[in-house]
Amino acid sequence: MNNLIKPATLAMLLLTLGALSLIFLWRSHGDVSIGRRLTENHCGVCHDISPEKKNQKGPFLWGIVNRPVGAAQGYRYSQAFMKHVQEHPFIWTEENLDTFLANPQQFIPNVRMSEHRVEHQISFDGIEDATNRHDLITYLKRLQ
Ligand code: HEC
180 MNNLIKPATL AMLLLTLGAL SLIFLWRSHG DVSIGRRLTE NHCGVCHDIS PEKKNQKGPF
240 LWGIVNRPVG AAQGYRYSQA FMKHVQEHPF IWTEENLDTF LANPQQFIPN VRMSEHRVEH
300 QISFDGIEDA TNRHDLITYL KRLQ
């Protein structure tokens, strides 16, 4: 009896493992449609994400992945931002975006994105959930 059950149990186990690793692979690629909704909801209030490259409260985000920091033509970055990036120039790699979006204020001190002002209530303090950030960045990569 035992000998009959074992191969079936083993097969079930293997199937479950297979399914789990497929789900893992799929998730590790990021979900573009969730990323798009997150981007529209979290970033769209301040940033243009269209190919028209319009500067709004924030600089346009078209082509942001692998773009040098502070390179949106015609956008007036804050003094704190310019000072920081002149001292530490970098590229918006997926990794840098991930660290920045987790806590913008910590990545670039006094960044205007996280500024709380009475006359302008909207501010962005970061996205805590790593999977959400991953999905969001997966979508940002499409903006080119
Ligand atoms: C409250 C408005 C606001 C929200 C919401 C916001 N940002 Fe920003 N963002 C800004 C501002 C303003 C700046 C310019 C910062 C400065 O000059 O100090 C900026 C700068 C940036 C930069 C630097 C761009 C460059 O040219 O180097 C990136 C990247 C960025 N934001 C991404 C995002 C993403 C992605 C989201 C959504 C998850 C988001 N921002 C949400 C206002 C916002």
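Here the sequence shown is numbered in my numbering, starting from 180 and rising by one per residue. Backbone N, C-alpha and C define an ideal beta-carbon position, used for all residues, glycine too. Predicted, not measured: the structure shown is a model, and the values here were computed from it.
Asked                                                                                                        : Found
Identity of the residue in A251, I243, G242 and A187 nearest N234 by Cα                                      : A251
P247 vs P268 beta-carbon contact at 8 Å                                                                      : yes
Residue of I243, Q258 and G197 minimising C-alpha distance to L276                                           : I243
Sequence-distant residues of the same chain with beta carbon closer than 8 Å to C225, five excluded per side : Q235, K236, G237, M292, I301 and F303
heavy atom of the ligand HEC below 7 Å from K236 C-beta                                                      : yes
First and last residue of the uninterrupted alpha helix (DSSP H) at A281                                     : E273 to A281
CB contact flag (D314, G214, <8 Å)                                                                           : yes
Closest by C-alpha distance to N311, when choosing among Q285, T278 and I287                                 : T278
Rounded Cβ spacing between A259 and N289 (contact assumed at less than 8 Å)                                  : 4 Å
Distance cut-off 7 Å: R216 Cβ against heavy atoms of the ligand HEC                                          : no
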